[in-house]
Amino acid sequence: ALANLDIFEREGINDHVKQNAPAFRSTLEKLYDVPIVGDVRGEGFFYGIELVKDKATKETFNDDECERLLRGFLTPALFEAGLYCRADDRGDPVVQLAPPLISGQAEFDAIYDILRGVLTEASARM
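As C-alpha cells, then:
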C-alpha cells in the first residue's frame with residue numbers, strides 16, 4: 004500500500020486529478036440538457052449522473068422502469084459504446100463514473116460523447 008502512495012506522489016497523480024477535475028466536471032455538466040439527466044455530482048474523478056423521469060419535478064423512475072432503463076438498456080448500451088461504468092439503482096438511478104486517474108480532456112470528451120448518445124437514446128425509449 005505504501006508503494007502505491009509512493010507511485011502516486013512520484014508520478015504526480017494527485018496533482019493531475021486536482022488540475023483536471025474542473026474540466027471533467029464542466030464536460031459532464033454539458034449533459035444537463037438531456038431530458039433524463041437530473042443532476043451531475045461528484046468530486047475529483049468520481050461522479051454520478053442522476054437519472055430522473057421528470058426533470059422539473061425530479062420524479063424518479065419506478066422499479067420496473069429502473070429495471071428496463073438500467074439493466075435492460077443503459078448498462079449494455081454504454082458497454083457496447085466503449086464506456087465501462089456502473090449503473091446503480093440503489094435509491095435513485097445513477098450512472099457512476101470513475102475514469103483512470105491519468106485521464107485528460109480527450110478522455111473526458113470521449114466519455115461525454117458516449118454518454119450523450121446513449122442517454123439521449125434512453126430518453127427517447129422512456
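So for the sequence shown, the working numbering puts the first residue at 4; every next one is plus one. Where is the CB? At the ideal position from N, CA and C, for every residue including glycine. From a predicted model like this one, the values you see are computed outputs, not experimental measurements.
Nearest-angstrom beta carbon gap, residue j and residue i [assumed within contact, 8 Å]
i	j	result
residue 104	residue 114	Not confirmed; about 14 Å, so no contact.
residue 20	residue 51	Actually they do not touch by this definition, with Cβ atoms about 17 Å apart.
Beta-carbon gap between residue i and residue j smaller than 9 Å
i	j	result
residue 40	residue 53	yes
residue 90	residue 73	yes
residue 131	residue 64	No information on residue 131 is available, as it lies outside the stretch 4 to 129 that the chain covers here.
residue 27	residue 102	yes
residue 23	residue 108	yes
Per DSSP, the bridge partner or partners of residue i
i	result
residue 57	62
residue 52	43, 98
Assigned exposure category for residue i - 16 Cβ within 10 Å defines buried
i	result
residue 30	buried
residue 77	buried
residue 125	buried
Boundaries (first-last residue) of the alpha helix (DSSP H) holding residue i
i	result
residue 119	108-128
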